[in-house]
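Chains as they are written, first to last, in full-length UniProt numbering: chain A, 1 to 346; chain B, 1 to 346; chain C, 1 to 346; chain D, 1 to 346.
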C-alpha cells in the first residue's frame, strides 16, 4: 500500500482527494492536515464522510509528516508547497502539488504573476507538469509533479492536437472559459456568497488571470514557438465543471469530420479523454463527478475558424482526479485505478 | 455473475441503475430496454456513460428478456410491472420493481389511490416491501421485491424507532417532505421546466399524494395498529435529495441525547443509516450521490414534540441504490457491494 | 415629501429599501448609512443602482441624522435600534425598525431569546407590531413600528383567520417554514457559501429559532390565550422567498371551499394578501419581487387537519416592502404607494 | 391612452410584456391572445398576476383584433408575424414584432437561415430595426418595428462604438454569449428540463445560430462594410440574463480608460446603456429585472485585443422591455415611461 499524506485536506480539492484516496485500492491515507480544523475528526467537519473516514485532522509538522508518507499531496494556496518540495526531495519521497508553485518553468514569470518570491527555484527544473495525456513518460520517474490548474487542463487538452499538428494560427487563440463556483474554493467571499452568485453570470480577471502564463507555457511547448492567448474566465452559477470555448483561425481547409478523426488519433488509447462525434457537444453535467475531459470540434467554414469545446469537472480532472491519475502513473498502476466511475447524472 | 435486465433504462431511476450495475463486481448487464430510444446506444443517449457502457437499448420482448436474465429490474410507471411479475414467477426468476405495483398489500387501496386495475393481485401477498433495514430476512428469499418509494424510504426510516418503541402518539404524525426535482422524472412538464422551477419552492399533492398509503401501511405494521399521517411533499430547486421533517408528540419524557441512543441501537450495524450526534443535522448535500440515509432527532421540551430529520438521495437510497442493496441481500452478497462510496460534496 | 433615512443601507433588507424608496413618489432619501462602505457611492457598491441612486453612503452620527429625517428606518442586527428609538422619541420623529428590538412586548422574553440586554425597555410598550393587515389602526399613530420578521409575517398571516375564528386546536400548531438564502443576510458564512448551499436543502435552528417567541406572541394575541408552536426553519437553494406549511387540527368540520371563503372574508379589501381558490397553491416564484402574501387552505378530512400554505418574498412583504407599507399607513398614503407591482416571473 | 394588443401573451416575452404594459401609465391593454389558454383568465394561468390583471385570454381573430388596437405586439415564433404586418399596414395601425420576421433586410438570407418562406417581403424594406440607441429617428415614424433578438441586442450595443469609430479589425470579431434559460422559451424540451439544465453549462447551435445573420447585418451597417462573426451561444443555469464576451483585434493603441471614454461619448444621454468605469465588470444579476445594458471595455495590451462585456436581461432589454422602449419612441413619450426601475438584486 502506498502511504499518502494530504497537506490541506479541507479545501475543496483536498476534501475531494480524501474521498478518492479513501477508496483507492492501493493507497492508505497516512495523514490529513488542516490549519483550521486540526484536532477534529474529518467525518464531522465533512459529514458526507461521516462513518466512512476515521482520520482526525492534524496540524502540520512537515519533516515528521513527510517521514510517514511515500507520497505527499499539497492542496494549498500558492507559496506553501515550496518547503514541502524541499523536504520531500531531502527524504527521497515524492510530491504531487495541486497548487501553482512548480508549474511555471520560468521563475521570473511565476514571481511576476503570483507576486510571491520563489524560495525553491532549484527544484523547478526537475518538476514535471502533470498532464498525463501529454507528459506521461516524464511523470513516471518524477519526484515532484506540478498538477495542472483547472482552466489550463481544459484548455490545453482541447488545443493540443491543433498546435501539435500546426493546423491553426497560434496568434489567433482565444480561450473563453466558464467555471463552476467550487473553483473559487471554500474560503468565504462576496463573490461566492450564494445570493450574489446564484442566478448570476459574470466574467472576472479579464486579461489578468494567473492561469494565463501556465496555459501559454504549455501551448508554446506544443507549438514549438511562443504562444500568446486571450483568456477570459467566467463564474457560472453551478458547483462543479468547466467548459472552455476555444477559438482559432485554421490555416488549412479541413472538415469537422476530418478534424474529429485527427483528435481521435491524437488521443487514441486515452482512458479519460472522450472525443465526441459531430452532433454531440460537451456539457459539464456529463463529466461532473468523473475524471473525464469531453471534447468536440466544429469547423466554421464561413469564418475559417475552429471552435473547440472542452469540458471537465474542475475538482476531478481539474484537480484531485488528475492528482490521483498522476499518482497511478508514478506508481506504475493502471491509470484508472480508483477513478473508474462515470459522472453523476442528472 | 448475476445476469440483470433493466426494463425502463432511460428514466432517471433506470439510468442510475445502469450506472450502478455497470460497475457492480458481481453483475452483468444482460439487457436494457427503452420505448423511446430502442435501437440507440445507451452511451449516446446519456453521454455521461459514453465510452463506459456499450449496450444498445432494445425494445421489450418480455418472455425472451426474462429468459436471458437472473433478475429483472422494472423502472416504469405504475401499472407496467404486473405482467413482468407474472413472467418472472413463471420462469423462476426474480424481480425488483422500482414502481408502485407490488408495494400495497391491500389491492383495493392500490386501485383507489392509483386509479388502475391490479391484474396480478395474486402476487401481491408474496411480494416483499424492500426496505432492507426493516425487512432483510424476508427479502433474502423473496421472488418479487417491491422497492419502496423515495418519500416512504425517508419517512419510514426516520420514524421506525419511535413507532417500534411506542414513544409517540401515532395520531400526531406529520411528514413534511421536500424533494429535488429529479424525483418528478425525466418526462417533460411545466412543473419541471427550468425557468418555472429554479428559484422557486412550492408544495404539491397536498393531502392527496400516492405515497401516503404506502407510508401508512408500513408505519401501521411497525406500530401494530393503524396509523394515519399528514404527508405534504414539496418541490425544491435542486436535482437530487429528499429531506423529511417529521413531527410527533412524545408520550414520555426523553432527552435528545437519550433518543439519539435509542436510534443508534435500533440501527446498530446498518451500513447505510447514519444517526447523527446532537448538534449535527442532515443535509441533502451530504447524502447526494450515496446510498446513505442520515437521521437526526431533536426533542423540543417546550412543546413535548420530537422533530426527526431524515435525508436521502432520492435516486439512490430512494430508488436505484436501494434496488441494488436489495439485489445484494437477495444474492447473499455484502450489502454494500457496488454501493461503497461517499456522497459527492460539494 | 417625506424625508427618510436608512441606517444600515447595505444589508439585503437595507438595499431593497433603498431600491423601493428611491422610486417612492412621496419620499426623499435623506441619508443612507453604512459601517463598511461609508464614503462610497451607493451605486458603485450596488451596481444594479448605478446611475439611478446618487447617494454616498455615510457614517452614522445619530442625532444629526435623526434631525435631517422625518422617519428613520433601521435595518440592523438586533440590539442596535434601541438608541435610535430613544433619539427618534426625543426629537419627535418616527422609527420603522426592521430588526427585532421592539417586537417582543415582554422584555424578559427578548433578553432570554436574544441574549442581549434591552436598554430601551420603556419604549417597548408603545411600539406597534407592524403587520398592517392586523394592526392598521395602531400603526397609523405610532412613533415606533416594529416591522415583523420574515417567518412571522408568513406564519401569522397564514394562521390569523383560524385563530381569530377559533377553528383549530391551538396546541396542535406546527409551522414548517422554508426560506431562500437572502434571509440569512449579506454577511459571509459557510452556511451561505454558494457551493455549500446550492443543490442542498437543510433545516436549522430546530426548536430554537428566535422568531418563535415573536410568532407565539402574536398568535396568542389573536387566540386570546397562550399559544405554543413548533417552528422549524429550513434553508432553500434560492435567493428570495418563504413558503410556510402550517398544520393544525380542526375543531369543527369545514370544507376547503368554506374555509377559503372564511379567509376571503377575513382579508377582504386587503391589497397584498391573495387568497388562492381551491386548486391553486402558492409558489414563492409568484410573489418574488412583490409585496404579496399568497395563501391557500386545504382541509384534509382523513386526518381532520388543515394545511395552510403561505408564501411571501422575504425581502419585500417579509422586510423592506412591509416597511414601506407601514410608512404609507403612518403617512396616510394609499397603502400600495411605491409597492404597486407584480412579482417577477419567471 | 394607447390601446395595445398582444398576440402571443403567454410565452415568456409575452407575459413580461403584459406585466410591463399593465402598469404603463399611457397604455391600456386592449387584447391578449393565446392559442393554448384562450378562455382562461390571465391571472390564473400566471398567478404572479392574480388579482392584478383582469383580462381573459382570447383566440386570435386578426382583423377584429387589429381594429381594436392602436399598436399590436407580436410575441410569436418566426413566420407568424407576417400576416399581422399586412393587417396592420392595411388598417393604418402599428406593429412591434418581437420575432424575427422583419429583422433581416435580405429576404433570401431570412429564408435560408429560418427555412421559412417570407410571405410579406414587400413590408421588409420599410420595417425598422428597433434598437433605439442606434435607430431612434427611424423608429419614431415607423409602422413596423422589428424588435431585435436578445443576443443581437447585447452584441450590437457592445460593439457599436468600436465599429463606428473603426477601432478594430472587423474580421477578428468573436462573440461568445451566455444566456439564461428563459431565452429558450416556455415550450417544453429536454434542453430546458430542470434536472438536465441545472448545475450544467453547455454551448449549442455552434456556428449555426439564427441570430448570426441579424448580428452581421447590423454590424455591417455600422462598419460600412460586410462583417462576418463567430457567434457561440451557451445555456447558463439561471433564468434571466445574457452576458456577451466580445473579442476583437484593435487597429490602434488605446488604453482601457480612453476607450471607456469613447464609449461614454457614444452613448451620452442614453438612459438604458450604462458604461461601467474601469474596475467594474457587468454581471447579469445587476441588470436582471431592468431594461439596462451594462457594458465594460478592457484593453489587453499583451495581445492587442479589446474584450468587451455586455450584459442585459434577455426578457427586458432583450425582448419586452425594448419593445416598450420602442413603443415610447413611436408615441413620443419619454423613453423610460413604464421602464423606470432598477434591477432586482439580489
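For each residue, glycine too, the CB sits at the ideal point set by N, CA and C.
A straight line joining the alpha-carbon of residue 66 (chain D) with that of residue 141 (chain D) spans about 19 angstroms. When C-beta distances to chain C are compared with 9 angstroms, the residues of the segment 193-206 of chain A below that value are 193, 194, 195, 196, 197, 198, 199, in chain order. Rounded to the nearest whole angstrom, the C-alpha separation of residue 139 (chain B) and residue 344 (chain B) is 29 angstroms.
Taking a cut-off of 8 angstroms on C-beta distances, the segment 201-213 of chain D touches the segment 281-299 of chain A, as three or more cross pairs fall below it. One alpha carbon belongs to residue 183 (chain A), the other to residue 309 (chain D), and they sit about 22 angstroms apart.
The beta carbon of residue 256 (chain B) sits no closer than 9 angstroms to any beta carbon of chain A. For residue 156 (chain D), the enclosing alpha helix (DSSP H) stretches over residues 150-164. Nearest in C-alpha terms to residue 197 (chain D), of all of A:285, A:20, A:10, A:70, is A:285. For the C-beta of residue 239 (chain B), the chain D residues within less than 8 angstroms are, from N- to C-terminus, 194, 195, 198, 199. Under the three-pair Cβ rule at 8 angstroms, the segment 243-250 of chain D counts as touching the segment 173-180 of chain D.
Three or more Cβ pairs drawn from the segment 10-21 of chain B and the segment 37-56 of chain B lie within less than 8 angstroms of each other, which places the two stretches in contact. With respect to residue 97 (chain D), residue 84 (chain D) sits close: the two C-beta atoms are nearer than 9 angstroms. Just measuring C-alpha positions, the residue of B:31, B:185, B:149, B:33 sitting nearest residue 212 (chain B) is B:149.
Boundaries of the beta strand (DSSP E) harbouring residue 233 (chain D): 230-235, taken from the DSSP string. Under the 8 angstroms Cβ criterion, the segment 152-165 of chain C counts as touching the segment 216-223 of chain C, having at least three qualifying pairs. Residue contact check for residue 287 (chain C) against chain D: a CB pair falls below 9 angstroms. With respect to chain B, the C-beta atom of residue 269 (chain D) has no partner C-beta closer than 9 angstroms. In the structure shown, residue 87 (chain B) falls within a helical segment according to DSSP collapsed to helix, strand and coil.
Judged by pairs of C-beta atoms under 8 angstroms, the segment 121-140 of chain C touches the segment 90-108 of chain C, as three or more such pairs exist. Per DSSP, the continuous beta strand (DSSP E) segment holding residue 33 (chain C) begins and ends at 27-33. In terms of CA proximity to residue 91 (chain B), B:143 leads the group B:109, B:116, B:143. Chain-ordered, the chain A residues with CB closer than 8 angstroms to the CB of residue 281 (chain D) read 202, 203, 204, 206.
DSSP places residue 12 (chain D) in the helix class (H, G or I) of the three-state scheme. When the Cα atoms are used, residue 64 (chain C) and residue 339 (chain C) turn out to be separated by approximately 29 angstroms. Per the DSSP secondary-structure output, residue 248 (chain C) pairs in a beta bridge with C:306.
Of the candidates A:185, A:233, A:239, the residue whose Cα lies closest to the Cα of residue 199 (chain A) is A:239. For residue 122 (chain B), the number of other beta carbons within 10 angstroms of its own is below 16, and it is reported as exposed.
In chain C, no part has a C-beta under 8 angstroms from the C-beta of residue 264 (chain D); the shortest such distance is about 12 angstroms. Annotation: residue 224 (chain D) to residue 125 (chain D) spans about 18 angstroms, alpha carbon to alpha carbon. With fewer than 16 other Cβ atoms inside 10 Å of its own Cβ, residue 268 (chain C) counts as exposed. In the three-state reduction of the DSSP assignment, residue 119 (chain B) falls in the coil class. Per DSSP, the beta bridge partners of residue 129 (chain D) are D:146. Spatial neighbours of residue 114 (chain B) in its own chain (CB-CB distance under 6 angstroms, excluding positions within 5 residues in sequence) are listed in chain order as 78. Within the DSSP secondary-structure output, residue 217 (chain A) pairs in no beta bridge.
Residues of the segment 16-37 of chain D with a Cβ closer than 7 angstroms to any Cβ of chain B: none. Taken through DSSP and simplified to helix, strand or coil, residue 201 (chain B) comes out as coil.
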